[in-house]
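Student:
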Amino acid sequence: MTCFLALCLLVQVGVRAETRDTVTRSGYTLIFVNQDTAFDPAVKARLISTFFTVYPKEAALYNPQTLTRVTFVVDPSYNGVAETGGGVTRFNPQWFKKHPGDVDVVTHEVMHIVQAYPNGAGPGWITEGIADYVRYTLGVDNAGANWHLPDYAPQQSYRNAYRVTARFFAWLEAHGYAGVIKKLDGIMRTATYTDGTWIQLTGKDVDQLWADYAANPAL
0 MTCFLALCLL VQVGVRAETR DTVTRSGYTL IFVNQDTAFD PAVKARLIST FFTVYPKEAA
60 LYNPQTLTRV TFVVDPSYNG VAETGGGVTR FNPQWFKKHP GDVDVVTHEV MHIVQAYPNG
120 AGPGWITEGI ADYVRYTLGV DNAGANWHLP DYAPQQSYRN AYRVTARFFA WLEAHGYAGV
180 IKKLDGIMRT ATYTDGTWIQ LTGKDVDQLW ADYAANPAL
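Take the sequence shown: its position 2, counted from the start at 1, is 1 in numbering that gives the first Met the number 0, and no numbers get skipped.
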(Lines of atoms letter the chains of each structure in order from A and count residues from 1; the text may use other names and numbers.)
(Lines give C-alpha, C1' and ligand atoms only; values in the text may rest on other atoms or scores of the structure.)
Protein backbone atom coordinates (compact mmCIF):
# COMPACT_ATOMS: atom_id res chain seq x y z
CA MET A 1 0.00 0.00 0.00
CA THR A 2 2.85 2.36 0.86
CA CYS A 3 4.43 1.80 -2.56
CA PHE A 4 1.09 2.38 -4.23
CA LEU A 5 0.60 5.68 -2.41
CA ALA A 6 4.12 6.74 -3.29
CA LEU A 7 3.47 5.98 -6.95
CA CYS A 8 0.24 7.97 -6.87
CA LEU A 9 2.09 10.88 -5.31
CA LEU A 10 4.75 10.79 -8.03
CA VAL A 11 2.09 10.75 -10.72
CA GLN A 12 0.28 13.69 -9.11
CA VAL A 13 3.52 15.66 -8.85
CA GLY A 14 4.24 14.92 -12.51
CA VAL A 15 0.81 16.13 -13.52
CA ARG A 16 1.20 19.32 -11.52
CA ALA A 17 4.64 19.91 -13.03
CA GLU A 18 3.14 20.22 -16.51
CA THR A 19 0.66 22.95 -17.32
CA ARG A 20 -1.32 23.17 -20.53
CA ASP A 21 -3.07 26.27 -21.84
CA THR A 22 -5.12 26.52 -25.02
CA VAL A 23 -5.54 29.95 -26.60
CA THR A 24 -7.57 30.65 -29.74
CA ARG A 25 -7.56 33.95 -31.60
CA SER A 26 -8.66 34.87 -35.11
CA GLY A 27 -8.90 31.30 -36.31
CA TYR A 28 -5.58 30.09 -34.89
CA THR A 29 -5.11 27.93 -31.81
CA LEU A 30 -1.96 27.68 -29.71
CA ILE A 31 -1.55 24.90 -27.16
CA PHE A 32 1.14 25.94 -24.69
CA VAL A 33 2.62 23.05 -22.69
CA ASN A 34 4.98 24.11 -19.92
CA GLN A 35 7.08 21.39 -18.30
CA ASP A 36 9.25 23.79 -16.30
CA THR A 37 7.71 25.10 -13.07
CA ALA A 38 10.37 27.84 -12.92
CA PHE A 39 9.62 29.24 -16.38
CA ASP A 40 9.07 33.00 -16.25
CA PRO A 41 5.36 33.80 -16.76
CA ALA A 42 6.30 37.09 -18.43
CA VAL A 43 8.37 35.26 -21.05
CA LYS A 44 5.55 32.78 -21.56
CA ALA A 45 3.12 35.64 -22.16
CA ARG A 46 5.49 37.22 -24.69
CA LEU A 47 5.97 33.94 -26.57
CA ILE A 48 2.21 33.57 -26.86
CA SER A 49 1.80 37.18 -27.95
CA THR A 50 4.55 36.82 -30.53
CA PHE A 51 2.88 33.74 -32.00
CA PHE A 52 -0.44 35.49 -32.48
CA THR A 53 1.29 38.55 -33.92
CA VAL A 54 3.53 36.85 -36.47
CA TYR A 55 1.99 33.51 -37.40
CA PRO A 56 -1.11 34.94 -39.12
CA LYS A 57 1.15 37.33 -41.06
CA GLU A 58 3.45 34.50 -42.12
CA ALA A 59 0.47 32.44 -43.17
CA ALA A 60 -1.07 35.27 -45.18
CA LEU A 61 2.19 36.08 -46.95
CA TYR A 62 3.54 32.61 -47.63
CA ASN A 63 1.05 29.77 -47.08
CA PRO A 64 -2.61 30.42 -46.25
CA GLN A 65 -3.11 26.64 -46.06
CA THR A 66 -0.74 26.26 -43.11
CA LEU A 67 -1.80 24.55 -39.89
CA THR A 68 -4.26 26.47 -37.74
CA ARG A 69 -3.41 24.52 -34.58
CA VAL A 70 0.14 24.74 -33.19
CA THR A 71 1.72 23.40 -30.00
CA PHE A 72 4.55 24.97 -27.99
CA VAL A 73 6.39 22.80 -25.45
CA VAL A 74 8.77 24.27 -22.89
CA ASP A 75 10.96 21.22 -22.29
CA PRO A 76 13.75 21.22 -19.67
CA SER A 77 15.15 17.99 -21.16
CA TYR A 78 15.79 19.65 -24.53
CA ASN A 79 19.35 20.99 -24.91
CA GLY A 80 19.08 23.05 -28.08
CA VAL A 81 17.46 26.48 -28.40
CA ALA A 82 14.31 25.48 -30.27
CA GLU A 83 13.19 22.96 -32.86
CA THR A 84 10.03 22.45 -34.87
CA GLY A 85 8.37 19.47 -36.49
CA GLY A 86 4.85 18.27 -37.10
CA GLY A 87 3.24 21.46 -35.85
CA VAL A 88 5.10 21.28 -32.52
CA THR A 89 7.84 23.67 -31.40
CA ARG A 90 10.04 22.73 -28.44
CA PHE A 91 11.89 25.39 -26.46
CA ASN A 92 14.76 25.13 -24.01
CA PRO A 93 13.76 27.12 -20.91
CA GLN A 94 17.41 27.73 -20.02
CA TRP A 95 17.84 29.70 -23.24
CA PHE A 96 15.10 32.10 -22.20
CA LYS A 97 16.49 32.33 -18.70
CA LYS A 98 19.69 33.67 -20.25
CA HIS A 99 18.01 35.51 -23.16
CA PRO A 100 14.52 36.52 -22.02
CA GLY A 101 14.18 39.05 -24.84
CA ASP A 102 14.71 36.55 -27.65
CA VAL A 103 11.02 36.05 -28.34
CA ASP A 104 11.53 36.11 -32.11
CA VAL A 105 12.83 32.58 -31.84
CA VAL A 106 9.09 32.03 -32.25
CA THR A 107 9.06 33.99 -35.52
CA HIS A 108 11.78 31.77 -36.98
CA GLU A 109 10.43 28.48 -35.68
CA VAL A 110 6.79 28.86 -36.66
CA MET A 111 7.89 29.89 -40.14
CA HIS A 112 9.06 26.29 -40.44
CA ILE A 113 5.45 25.24 -39.89
CA VAL A 114 4.34 27.65 -42.61
CA GLN A 115 7.08 26.39 -44.93
CA ALA A 116 5.89 22.77 -44.70
CA TYR A 117 8.56 21.69 -47.16
CA PRO A 118 8.49 17.96 -47.98
CA ASN A 119 11.62 15.90 -47.38
CA GLY A 120 14.17 16.50 -50.09
CA ALA A 121 12.50 19.71 -51.25
CA GLY A 122 15.79 21.55 -51.61
CA PRO A 123 18.92 22.74 -49.80
CA GLY A 124 18.74 23.25 -46.05
CA TRP A 125 20.44 26.63 -46.38
CA ILE A 126 17.38 27.89 -48.25
CA THR A 127 15.03 26.59 -45.57
CA GLU A 128 16.92 28.24 -42.73
CA GLY A 129 17.76 31.33 -44.74
CA ILE A 130 14.10 31.98 -45.48
CA ALA A 131 13.13 31.43 -41.83
CA ASP A 132 15.70 34.01 -40.68
CA TYR A 133 14.73 36.36 -43.52
CA VAL A 134 11.17 36.21 -42.20
CA ARG A 135 12.44 36.86 -38.69
CA TYR A 136 14.23 39.92 -40.10
CA THR A 137 11.15 41.22 -41.90
CA LEU A 138 8.39 40.29 -39.44
CA GLY A 139 10.12 40.02 -36.06
CA VAL A 140 8.46 41.88 -33.21
CA ASP A 141 11.57 42.69 -31.14
CA ASN A 142 14.82 41.66 -32.79
CA ALA A 143 16.50 44.69 -31.23
CA GLY A 144 15.50 43.50 -27.77
CA ALA A 145 17.41 40.28 -28.41
CA ASN A 146 20.36 42.12 -29.99
CA TRP A 147 19.62 40.07 -33.10
CA HIS A 148 20.63 41.52 -36.45
CA LEU A 149 21.84 40.46 -39.86
CA PRO A 150 25.64 40.31 -40.05
CA ASP A 151 27.58 42.58 -42.36
CA TYR A 152 28.91 40.94 -45.49
CA ALA A 153 32.37 39.39 -45.15
CA PRO A 154 34.49 37.78 -47.91
CA GLN A 155 34.66 34.43 -46.12
CA GLN A 156 30.88 34.07 -46.16
CA SER A 157 28.86 31.90 -48.52
CA TYR A 158 25.18 31.82 -49.36
CA ARG A 159 25.34 28.22 -48.12
CA ASN A 160 26.08 29.42 -44.57
CA ALA A 161 22.31 29.48 -43.96
CA TYR A 162 20.52 31.37 -41.18
CA ARG A 163 21.43 35.07 -40.87
CA VAL A 164 24.14 35.11 -43.54
CA THR A 165 21.76 33.72 -46.14
CA ALA A 166 18.92 35.86 -44.81
CA ARG A 167 20.95 39.00 -45.49
CA PHE A 168 21.63 37.81 -49.03
CA PHE A 169 17.89 37.25 -49.47
CA ALA A 170 17.15 40.74 -48.11
CA TRP A 171 19.65 42.16 -50.58
CA LEU A 172 17.98 40.36 -53.48
CA GLU A 173 14.61 41.79 -52.48
CA ALA A 174 16.09 45.30 -52.34
CA HIS A 175 18.12 45.12 -55.56
CA GLY A 176 15.76 44.33 -58.38
CA TYR A 177 14.33 40.99 -57.33
CA ALA A 178 11.34 41.96 -55.20
CA GLY A 179 9.10 39.00 -54.47
CA VAL A 180 11.78 36.41 -55.22
CA ILE A 181 11.78 34.92 -51.71
CA LYS A 182 8.03 34.32 -51.74
CA LYS A 183 8.40 32.59 -55.11
CA LEU A 184 11.34 30.56 -53.84
CA ASP A 185 9.32 29.51 -50.80
CA GLY A 186 6.50 28.28 -53.02
CA ILE A 187 8.91 26.31 -55.19
CA MET A 188 10.39 24.63 -52.13
CA ARG A 189 6.94 23.71 -50.82
CA THR A 190 6.08 21.98 -54.10
CA ALA A 191 9.48 20.24 -54.17
CA THR A 192 10.24 21.62 -57.63
CA TYR A 193 13.56 23.32 -56.76
CA THR A 194 16.46 22.61 -59.13
CA ASP A 195 19.82 24.21 -59.88
CA GLY A 196 18.01 26.13 -62.61
CA THR A 197 15.51 27.73 -60.24
CA TRP A 198 17.58 30.87 -59.72
CA ILE A 199 17.91 31.47 -63.46
CA GLN A 200 14.18 30.91 -63.79
CA LEU A 201 13.45 33.49 -61.09
CA THR A 202 16.17 36.10 -61.73
CA GLY A 203 17.91 35.37 -65.02
CA LYS A 204 21.14 34.56 -63.17
CA ASP A 205 22.44 31.54 -61.31
CA VAL A 206 22.96 31.78 -57.56
CA ASP A 207 26.74 32.13 -57.84
CA GLN A 208 26.34 35.12 -60.17
CA LEU A 209 23.85 36.66 -57.75
CA TRP A 210 26.22 36.14 -54.84
CA ALA A 211 29.04 37.77 -56.80
CA ASP A 212 26.81 40.78 -57.44
CA TYR A 213 25.99 40.91 -53.74
CA ALA A 214 29.66 40.66 -52.76
CA ALA A 215 30.53 43.55 -55.07
CA ASN A 216 27.91 45.85 -53.54
CA PRO A 217 26.51 44.36 -50.31
CA ALA A 218 24.76 47.44 -48.92
CA LEU A 219 21.11 46.79 -48.18
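The C-beta atom is built at its ideal place from N, Cα and C for all residues, glycine as well.
Write down every uninterrupted run of the beta strand (DSSP E) in the region 74 to 109 whose length is 3 residues or greater and which is fully enclosed by it, in chain order.
Tutor: 81 to 84, 87 to 90
Student: Determine the direct distance from the alpha carbon of residue 20 to that of residue 179, and round the result to whole angstroms.
Tutor: 38 Å
Student: Rank 57, 80, 72 by C-alpha distance to the C-alpha of residue 96 and give the top, closest one.
Tutor: For residue 96, the closest C-alpha among the options 57, 80, 72 is that of 80.
Student: Within 8 Å, do at least three Cβ pairs link the region 151 to 162 to the region 185 to 192?
Tutor: no
Student: Nearest to residue 50 by CA position, among 206, 132, 23, 128, is which residue?
Tutor: 23
Student: Taking only the alpha-carbon atoms, compute the straight-line gap between residue 175 and residue 128 and give it to the nearest angstrom.
Tutor: 19 Å
Student: State the DSSP-derived secondary structure class of residue 136, mapped to helix, strand or coil.
Tutor: helix
Student: By the three-class DSSP mapping on this structure, what secondary structure does residue 51 have?
Tutor: helix
Student: For the putative contact between residue 66 and residue 30, defined by C-beta atoms under 8 Å, what is the C-beta separation to the nearest angstrom?
Tutor: In this structure residue 66 does not touch residue 30 by the C-beta definition: roughly 12 Å separates them, more than the 8 Å allowed.
Student: Report all residues from its chain with a CB closer than 7 Å to the CB of residue 47; omit the five preceding and five following residues, and keep chain order.
Tutor: In the same chain as residue 47, and ignoring 5 residues on each side of it, the C-beta atoms closer than 7 Å to its own belong to 22, 29, 31, in chain order.
Student: Do three or more CB pairs link the region 133 to 150 to the region 197 to 215 at distances below 8 Å?
Tutor: no
Student: Is it right to say residue 138 is buried, meaning 16 or more other beta carbons lie within 10 angstroms of its own, or is it exposed?
Tutor: buried
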